[in-house]
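Comments concern the structure below.
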Amino acid sequence: MITRIKKNKMNRYIKITVIFIVSLVLVNCSEDAVDNLAKGTLTGIVVTNGTNLPLENVKISTNPSSSTVFTDAQGEFIIEDISVDQYSVQAELDGFLSGFEAAEVTEGSTVNVVFELDVETANNRPPTTPILITPADNAIDIPLDTQLVWSSSDPDGDEISYTIEIRNNFDEEVLSFSTVNDTMVDITGLRFGLKYFWQVGAKDTVNEDVIQSEVSAFETINAPENRHVFVRKIGGNNVIFSVDTSGNELQLTSSSSNSYRPRQNTVANKIAYLSNSGSETHIFTMDLDGSNVQQITSQVQVNGFDLEEIDFAWTQNGGRILYPNFDKLYSINVDGTGLFEVYQTTDASLITEVSISADESITALKTNDISGYNVSIFTIDGSGSVVDIVLSGVSGAAGGLDISVNNQFILYWYDVSGFESSNYRQLDSRIFLYTRSDGNVDDLSDDKVAGTNDFDCRFTPNEAEVIFTNTSNDGVSQHNVLITDTDPNDAGFTRIVFVEDGEMPDFE
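Quick note, this note's numbering runs 950 ahead of the 1-based positions in the sequence shown.
Structure (structure tokens):
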């Protein structure tokens, strides 16, 4: 009996406990249901940071997750019936950095958030300051064609555009170059003996600022003392070079222009030459390194039967230049002033070449007809009177005038074959030395190769040798510059090739 009573009590306690637990669970579930039914509204606007311009079509999302919406044309958005909670709201738009704002939604209320989005590049960093490497600061003897090297990088990996500016300590010239990503550039167009200053600017594709390097300096090599000049054909143009005794060449004129017949003067330290100015041919001068080009003639151009056969002459003191224009000989000061007529032929023949003695007492002329033939080589004095008849009454081509420093000898070339043709071809041109005192003529081309021509002859400064051009008489072969002795009876008489692929030499 007692056992049954105890068992009934135990069952009652268990029932009460179960009822209590079930009731507690039901109450909690009821509260959760009420909470889940609580709603609010989330609104906001998205603008550009700095300008406050509204941004359209910005994606708005939340964490915890709710509805995803997009801003309208005014940059505004709204999420209605959003559950009461604490949210992290995100704004996303291509080209901008994502924005995050916190928002607490409460029952029946509207919460507003404002986004100010930065453009995607807002945190982009500019390139590092360029560091100049080569040439080293204050380097000397830098060649005229050189390479500039520097270092720089972009922290964000952006493309870098470099601008390079080079100035000098002589004039206002500025050389400008540019590269993209390359940290080196090949430089041409520098001049001899100048101090240059260079600087590199770096700019990426994002930032507006140009990051400038420090300024570095270097000095170019001095001009070589090349006493020989000659012409080489490049791409159909005559181009003037200078060369030293070791064969080191320096191009003085551009390959894109036609410049020829170089004549040096050691007093003026200039090289005069022929080149085109528009449709006319004129005399120009330049410094020995090819710089400082000046046009000398203007009113009366250089002209004759064949412009590549025409020659002109400096006076010894470098003050004047004599040149032909058809049947007239003109003199002009080296600064382009003082033009006057010196001589005119009496038979209307054309003056093609001229040479004036060191003391200016005699002038040698070569005249010819419109085809280049009926040649006469003679000298005149200051009054225009004929002094010497060197060559006349012969058939064939001739030229190459030069007068020795003591006025005793006249150098020239002549095609002894007497051949004449419409293309001015020569078959056996030889160099001759005319002695004024007795009219004796020495052949300096006895040892030349058969079938070749010697022409464009000039005395070397010591006048013990002659520098000249030699080529095959076929009219198409390469021209070479040779040097030979002025005494054909010398046991050591030689012919030496001085410059291959060259012509119109001068040696002062």
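Positions of the beta carbon are idealized from the N, C-alpha and C atoms, including for glycine.
- Would you decide whether Gln1245 is buried or exposed? Buried here means 16 or more other CB atoms lie within 10 Å of its CB. Taking the first residue of the sequence shown as 1, we reach residue 1245 at position 295. Per the 10 Å Cβ criterion, exposed.
- beta strand (DSSP E) segments (min. 3 residues) lying fully within the stretch 1324-1398: 1326-1330, 1336-1341, 1348-1353, 1359-1365, 1379-1385, 1391-1393
- Task: Could you have a look at Val1034 and say whether DSSP puts it in helix, strand or coil?
- Result: Sequence index remark: in the sequence shown, residue 1034 carries index 84 (1-based). Val1034 falls in the coil class under three-state DSSP.
- Task: Whole angstroms is fine: what's the gap from Asp1237's alpha carbon to Val1156's?
- Result: The sequence position of residue 1237 within the sequence shown is 287, counting from 1. The sequence position of residue 1156 within the sequence shown is 206, counting from 1. Those two C-alpha atoms are separated by around 47 Å.
- Item | Pair within 7 Å by beta-carbon distance, Val1416 and Pro1455 | To locate residue 1416, count along the sequence shown from 1; it is residue 466. To locate residue 1455, count along the sequence shown from 1; it is residue 505. Going by C-beta atoms, Val1416 is not nearer than 7 Å to Pro1455.
- 7 Å Cβ cutoff met for Ser1395 and Arg1408: As a position in the sequence shown, residue 1395 is number 445, starting the count at 1. As a position in the sequence shown, residue 1408 is number 458, starting the count at 1. No, the Cβ-Cβ distance between Ser1395 and Arg1408 is not below 7 Å.
- Which of the three DSSP states, helix, strand or coil, is assigned to Asp1471? The chain is shown only over 951 to 1458; residue 1471 falls outside these bounds and no answer can be derived.
- Query: In terms of residues, what are the limits of the beta strand (DSSP E) holding His1178?
  - Reply: Within the sequence shown, numbered from 1, the residue matching residue 1178 stands at position 228. His1178 -> beta strand (DSSP E) spans 1178-1184.
- Taking the alpha carbon of Gly1389 as the point to measure from, which residue in Ala1414, Ile1353, Leu1341, Val1426 has its own alpha carbon closest? As a working mapping, residue 1389 is identified with position 439 in the sequence shown. Among Ala1414, Ile1353, Leu1341, Val1426, the Cα nearest to that of Gly1389 is on Leu1341.
- Excluding five sequence neighbours on each side, which residues of the same chain lie with their C-beta closer than 6 Å to the C-beta of Glu1026? Numbered from 1 along the sequence shown, position 76 holds the residue referred to as residue 1026. Same-chain partners within the cutoff: Ile995.
- Task: Return the chain-ordered list of same chain residues with a C-beta closer than 7 Å to the C-beta of Ser1241, the five sequence neighbours on each side being excluded.
- Result: Here residue 1241 refers to the residue found at position 291 when the sequence shown is read from its first residue. Excluding sequence neighbours, Ser1241 sits near Arg1141.
- Whole beta strand (DSSP E) runs in the stretch 1246-1303 with 3 or more residues, listed along the chain? 1270-1275, 1278-1283, 1290-1294
- Task: For Glu1169, name the three-state secondary structure that DSSP assigns.
- Result: On the sequence shown, residue 1169 is found 219 positions in, with the first residue counted as 1. In the three-state DSSP reduction, Glu1169 falls in the strand class (E or B).
- Item | Of the residues Asn1356, Tyr1362, Arg1386, Gly1401, the one placed nearest Asn1412, counting alpha carbons only | To locate residue 1412, count along the sequence shown from 1; it is residue 462. Taking only the C-alpha atoms, the option nearest Asn1412 is Asn1356.
- Query: Three or more C-beta pairs closer than 8 Å, one from the stretch 1186-1193 and one from the stretch 1143-1162: is that the case here?
  - Reply: no
- Which residues mark the beginning and the end of the beta strand (DSSP E) in which Gln1201 is found? For the purposes of this step, residue 1201 is taken as residue 251 along the sequence shown, with counting starting at 1. 1199-1201 is the extent of the beta strand (DSSP E) around Gln1201.
- With distances taken between CB atoms, is the gap from Asp1104 to Pro1077 smaller than 7 Å? Walking along the sequence shown from the start, residue 1104 turns up at place 154. Walking along the sequence shown from the start, residue 1077 turns up at place 127. A contact, by the Cβ cut-off of 7 Å.
- Task: Grab me the residues of Ser1101's own chain with a C-beta within less than 8 Å of its C-beta, minus the 5 sequence neighbours each way, in chain order.
- Result: As a first step, residue 1101 is located in the sequence shown; it is residue number 151 there, counting from the start. Cβ within range, chain order: Pro1080, Ile1081, Ile1083, Thr1133.
- First through last residue of the beta strand (DSSP E) which encompasses Ala1072: The sequence position of residue 1072 within the sequence shown is 122, counting from 1. Careful: Ala1072 lies outside any beta strand (DSSP E) and carries neither H nor E.
- Item | Close beta carbons around Ile1116, own chain, < 6 Å, minus the five adjacent residues each side | Reading the sequence shown from its first residue, position 166 is the one you call residue 1116. Counting only Cβ-Cβ distances below 6 Å, and skipping sequence neighbours, we find Leu1125, Tyr1146, Trp1148.
- Item | Integer-rounded CB distance, given that Glu1458 should sit under 8 Å from Thr1216 | Stepping through the sequence shown from its first residue, residue 1216 is reached at position 266. Stepping through the sequence shown from its first residue, residue 1458 is reached at position 508. 5 Å between Cβ atoms; contact.
- Task: Verify whether the separation of the beta carbon atoms of Ser1016 and Ile1028 is less than 7 Å.
- Result: Indexing the sequence shown from 1 puts residue 1016 at position 66. Indexing the sequence shown from 1 puts residue 1028 at position 78. No, the pair does not count as a contact, with Cβ atoms beyond the cut-off.
- Query: According to DSSP, what are the bridge partners of Asp1435?
  - Reply: Translated into the one-based positions of the sequence shown, residue 1435 becomes position 485. Looking at the DSSP assignment, Asp1435 forms a beta bridge with Glu1415.
- Taking just the CA atoms, how far does Gly1045 sit from Ala1053? For this step, residue 1053 is matched to residue 103 along the sequence shown. For this step, residue 1045 is matched to residue 95 along the sequence shown. Rounded to the nearest angstrom, the two C-alpha atoms are 25 Å apart.
- Query: Around the C-beta of Asp1406, are 16 or more other C-beta atoms found within 10 angstroms, so that it is buried, or is it exposed?
  - Reply: Here the question's residue 1406 lines up with position 456 in the sequence shown. Buried, because 16 or more other Cβ atoms sit within 10 Å of the Cβ of Asp1406.
- Item | Start-to-end residues for the beta strand (DSSP E) that takes in Ile1083 | Here residue 1083 is taken as the residue at index 133 of the sequence shown, counted from 1. Unbroken beta strand (DSSP E) run through Ile1083: 1081-1084.
- Message: From the DSSP secondary-structure annotation, give me the bridge partner or partners of Ile1161.
- Response: In the sequence shown, the residue the question calls residue 1161 occupies position 211. Ala1152, per the DSSP bridge assignment.
- Message: Helix, strand or coil for Ala1053? Go by DSSP, reduced to three states.
- Response: Locating residue 1053 in the sequence shown gives position 103, where the first residue counts as 1. Strand.
- How long is the line joining the alpha carbons of Ile1137 and Ser1335, rounded to whole angstroms? Counted from its first residue, the sequence shown places residue 1137 at position 187. Counted from its first residue, the sequence shown places residue 1335 at position 385. Rounded to the nearest angstrom, the two C-alpha atoms are 56 Å apart.
- Query: Hey, quick one: how far does the beta strand (DSSP E) through Phe1142 stretch, first residue to last?
  - Reply: Sequence index remark: in the sequence shown, residue 1142 carries index 192 (1-based). Note, Phe1142: premise wrong, no beta strand (DSSP E); not H, not E.
- Return the bridge partner residues of Pro1093 from the DSSP annotation. Start at 1 with the first residue of the sequence shown, and residue 1093 comes out as number 143. Secondary-structure assignment with DSSP links Pro1093 through no beta bridge to anything.
- Message: How far does the beta strand (DSSP E) with Pro1077 in it extend, from its first residue to its last?
- Response: Here residue 1077 refers to the residue found at position 127 when the sequence shown is read from its first residue. Segment: none, Pro1077 is in no beta strand (DSSP E) and carries neither H nor E.
- Helix or strand or just coil, what does DSSP make of Gly994? The residue given as residue 994 occupies position 44 in the sequence shown. Reduced to three states, the DSSP call for Gly994 is strand.
- From the DSSP output, read off the bridge partner residues of Tyr988. Position 38 of the sequence shown holds residue 988. For clarity, residue 988 is Ala in the given sequence; the question names Tyr instead. The partner list for Ala988 (beta bridge, DSSP) is empty, contrary to what the question assumes.
- Identify the residues that DSSP records as bridge partners of Pro895: which are they? Residue coverage of the chain in this structure runs from 951 to 1458, which leaves residue 895 outside it and unanswerable.
- Exposed or buried, which one is Asp1451 when buried takes at least 16 other CB atoms within 10 Å? Here residue 1451 is taken as the residue at index 501 of the sequence shown, counted from 1. Exposed is the call here.
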